[in-house]
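Residue numbers (the numbering used here): 5 to 222. Here a beta-carbon is modelled for each residue, glycine too, at the ideal position from N, C-alpha and C.
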Amino acid sequence: ALHFLGVIAHQVERHEAAVDLIKAAIAFAPEYHQAFNNLGNALTALGRHEDAVAAYERAIEIAPRYDEAHFNLGIGYRNLRDFEKSRASFGECTRLASRRVDARYEHAYMSEVLGDRVNAQISYRVVLDIDPKHAMARVNLGHMLSAMGKFELAIDEFRTVLANNPDHVGALNGLGASLKRCGQFEEALEALQRALELGGPNTETQNNLASLYQSMGD
5 ALHFLGVIAH QVERHEAAVD LIKAAIAFAP EYHQAFNNLG NALTALGRHE DAVAAYERAI
65 EIAPRYDEAH FNLGIGYRNL RDFEKSRASF GECTRLASRR VDARYEHAYM SEVLGDRVNA
125 QISYRVVLDI DPKHAMARVN LGHMLSAMGK FELAIDEFRT VLANNPDHVG ALNGLGASLK
185 RCGQFEEALE ALQRALELGG PNTETQNNLA SLYQSMGD
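Structure, rendered in structure tokens:
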């Protein structure tokens, strides 16, 4: 009861109360691995990332196959900017729960952050095998293909996202930038102006527009 009351407190953003309640539950049941996981969630909400990581690690120590704690530990390490450990935690989560799309996506993204493009691409494609409509995995894959000079393949990925979600600003930006590299300026301008209309004057869109206008001699 103390634990679940703490979870409810966390859900209504009373995070300090959540920490106190869940710690009280743990005092009665020191092997309660779900309580340590939810304690970590409340600590994360408070910005106490090192304490959160310790709570997730304790949950895993008690229940090594608890995939949710491995996932949250990956988030915790990412918050601490320890990207190698973050990727390892997401990888362990996918080993325990192979069809967890969220963990596979985060593993791919951490690989990209670490500059490991090969594993990032593989992981993004696994995400898309499980969930072909995962927009961010496809957008990120498109950006990686564009960075490698594979502009036509990148354009295909961005168009696939936009077929399902025509207002996806990230896909519109990626499409515009890739079309520009292929010399298709009018269509690139249309995509980037649509991104600007939907997302406002953010730095990515403004930079892509400036680069396009430069290529157009404007």
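Of the residues the options, the one placed nearest residue i, counting alpha carbons only
i, options, result
"D171", "G51, G204, A13, V130", "G204"
"S115", "V105, R99, S127", "S127"
"V131", "Y36, A107, R121, Q15", "A107"
"V23", "L157, L6, D86, K184", "L6"
"D55", "R104, V143, G10, F40", "F40"
"S93", "A46, S102, A73, L145", "A73"
"R142", "D120, F87, L179", "L179"
"R99", "E110, R82, D71", "D71"
"A3", "P136, E88, P68", "Residue coverage of the chain in this structure runs from 5 to 222, which leaves residue 3 outside it and unanswerable."
"I66", "A28, P34, A112", "P34"
"L193", "L216, Q210, A175, E208", "L216"
"Y113", "V173, H19, N45, I79", "I79"
"V122", "D133, M148, V16", "M148"
"R163", "A151, A181, R18", "A181"
"D133", "A151, D120, Y109", "Y109"
"F8", "M140, D135, A29", "A29"
"M140", "G153, N206, N169, R85", "N169"
"H53", "G10, R129, N83", "N83"
"T200", "H138, N45, G174", "Inspection of the sequence shows that residue 200 is occupied by Leu rather than by Thr. The option with the nearest alpha carbon to L200 is G174."
"Q15", "L25, A46, N206", "A46"
"R198", "H111, L43, K154, L166", "L166"
"I159", "L183, T207, E190", "L183"
"M220", "E190, E17, F155, I26", "E190"
"N177", "N211, E17, T48, H111", "N211"
"P136", "E161, S150, G44", "E161"
Inter-residue CB distance, residue i and residue j (contact presumed, cutoff 8 Å)
i, j, result
"L213", "L196", "5 Å"
"A13", "A21", "4 Å"
"A63", "H37", "5 Å"
"E88", "L118", "7 Å"
"L77", "V105", "L77 to V105, Cβ: 18 Å. No contact."
"Q125", "L145", "7 Å"
Endpoints, alpha helix (DSSP H) assigned at residue i
i, result
"D71", "71 to 83"
"S102", "It is not in any alpha helix (DSSP H) - S102 carries neither H nor E in the DSSP assignment."
"G10", "6 to 15"
"R62", "53 to 66"
"A33", "Segment: none, A33 is in no alpha helix (DSSP H) and carries neither H nor E."
"L213", "207 to 219"
"L43", "37 to 49"
Legend entry - 4 or more residues per run - each alpha helix (DSSP H) lying fully within the stretch 121 to 194: DSSP runs (the alpha helix (DSSP H)) wholly in the stretch 121 to 194: 121 to 134, 139 to 151, 155 to 168, 173 to 185.
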